[in-house]
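Novice: My questions all concern the structure below.
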Amino acid sequence: MEKRKYVEVNKSAKKDQREEKRVKREEYNFEEFEDEDHCETPETAYADIIPALEWLARRLGKDKGTLKIYDPYYCAGGVKKRLKKFGFDAVQNTNIDCYKTWFSIEYDTLVTNPPYSGDHIDRLLQFCLKSSKPFFLCVPLWVHKRPLLQKARQKPIFISPRKRYVYQPPPHLREKKKSDTHKKTAPFHSIWIIWAGSQNETDQLARYLFNNFFSPRKNDDAAPRLARSRSQLRDLRRTKKIEGEATQKRILPNSGEQSSGNTSSTADAPLASNEDATTGGTKKKKKKRSKSKIIKTDKLGGAKMKMA
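Note that my numbering has the sequence shown beginning at -11, numbered continuously upward.
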């Protein structure tokens, strides 16, 4: 009898949880979504783009507190709290359908981590690429292969963290997970795709970030890495550390041409070239064994021929 009573109570509790979850879902004022789409971007992810946001604020003649940041995708509003820790107070992230309102929003730059399901990423890319405004998109690594991005005239900056970002869903989602550890998620390696408003501005931002924060000279194994092309981004994932920085070839941000490997001409280049990222720009010549004849004389005075 006691066991039956426990089962009935347990079923009732689960029913209440489902009802609470349904009510919470109805509180979102936008299109249908997958539960997995709703995850708060961690503070560590924002920390990787703070230097770029500060640079952008200065270029626009503003300070951090007045830079208007727009995040169209609402989750739990955590972006305001996290960016406020870095001094960015003017953050707009509201519980509305962004697809109906984002054309009328006034902002200086867009900073967001979009839902991964459906066509949300493509819709965001279309909006950003048609706009003249700067954008910072925290997306899975595979997004850099999207046709919309490959065919675009814009050549953005890619920032790749050393480790995966771990995202935290709101409390009312994923109740069925067994533990708090499983409620956190890092399903993909994430990257930041950054555009500063024009190609010239983006190239200048790339040089600034490379020279001051992401240069291999700093020997900071925890710092994220910067790439200016999809091939560079691919190679960053293949190697843990760029070696031979002083002698390697580099790709200049404007032309994509390779320069010679002296430090004076490459000091402000944003990243090592793909071919020489792991070899340090110097080709190692294989030593060939030369076959020589060695003549030895045995005890009986006869000569023996030996190939060395």
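We treat Cβ as the ideally placed atom computed from N, Cα and C, and that holds for glycine.
1. Taking 8 Å as the CB-CB limit, is residue 69 close to chain D?
2. In the structure shown, what three-state DSSP assignment does residue 92 receive?
3. Buried or exposed: residue 123, going by 16 or more other Cβ atoms within 10 Å of its Cβ?
4. Under 8 Å: do the stretch 182 to 192 and the stretch 141 to 149 share three or more Cβ pairs, one atom per stretch?
5. In the DSSP output, which residue or residues are listed as bridge partners for residue 58?
6. Give the DSSP bridge partners of residue 225, in chain order.
7. Drop a sphere of 10 angstroms on the beta-carbon of residue 186, count the other beta-carbons inside from all chains shown, and report buried for 16 or more, exposed for fewer.
8. Please classify residue 130: is it buried, with 16 or more other beta-carbons within 10 angstroms of its beta-carbon, or exposed?
9. With C-beta atoms as the reference, is residue 178 less than 8 Å away from residue 150?
10. With burial defined as no fewer than 16 other Cβ atoms inside 10 Å of the residue's Cβ, what is the status of residue 154: buried or exposed?
11. Could you give the residue range of the alpha helix (DSSP H) that holds residue 35?
12. Starting from the N-terminal side, write out each stretch of the alpha helix (DSSP H) that is 4 residues or longer and does not extend beyond the stretch 108 to 135.
13. Check residue 192 in the structure and name its three-state DSSP category.
14. Please classify residue 214: does DSSP put it in a helix, a strand, or coil?
15. Whole angstroms is fine: what's the gap from residue 87's alpha carbon to residue 95's?
16. Per DSSP, which residues does residue 343 bridge with? Please list them.
17. In whole angstroms, what is the alpha-carbon distance linking residue 83 and residue 92?
18. Would the beta-carbon of residue 128 fall within 8 Å of that of residue 61?
19. Using 8 Å as the threshold, is the C-beta distance between residue 57 and residue 97 below it?
20. In angstroms, rounded to a whole number, what distance separates the CA positions of residue 48 and residue 156?
21. Here's a check: name, in chain order, each residue in its chain whose Cβ is nearer than 6 Å to the Cβ of residue 31, leaving out the five neighbours to either side.
22. Taking 7 Å as the line, does the beta carbon of residue 82 fall inside it for any heavy atom of the ligand GTP?
23. First and last residue of the alpha helix (DSSP H) that includes residue 72?
24. Could you spell out where the beta strand (DSSP E) holding residue 146 opens and where it closes?
25. Pull up the distance between the alpha-carbon of residue 27 and that of residue 66, whole angstroms please.
26. Classify residue 156 as helix, strand or coil using the three-state DSSP reduction.
27. Assuming the contact rule is C-beta atoms closer than 8 Å, residue 213 and residue 224 should be a hit. Round their C-beta distance to whole Å, please.
28. Identify, in the order they occur along the chain, each residue of the same chain with its Cβ nearer than 8 Å to the Cβ of residue 210, setting aside the five sequence neighbours on each side.
29. Hey, residue 73 and residue 81 are a contact pair by Cβ (cut 8 Å); roughly how many whole angstroms apart?
30. Tell whether a beta-carbon distance below 8 Å holds between residue 112 and residue 134.
31. Could you give the DSSP three-state label for residue 219: helix, strand or coil?
Specialist: In brief:
1. No chain D is present in this structure, which holds just one protein chain.
2. helix
3. buried
4. yes
5. 80, 98
6. DSSP output for residue 225 lists no bridge partner at all.
7. exposed
8. exposed
9. no
10. exposed
11. 31 to 35
12. 108 to 118
13. helix
14. strand
15. 16 Å
16. The requested residue 343 does not occur in the structure, where the chain is confined to residues -11 to 296.
17. 16 Å
18. no
19. yes
20. 33 Å
21. 70
22. Absence of the ligand GTP is noted for the structure shown, with no ligands found whatsoever.
23. 66 to 72
24. 145 to 148
25. 10 Å
26. strand
27. 5 Å
28. 150
29. Not confirmed; about 15 Å, so no contact.
30. no
31. helix
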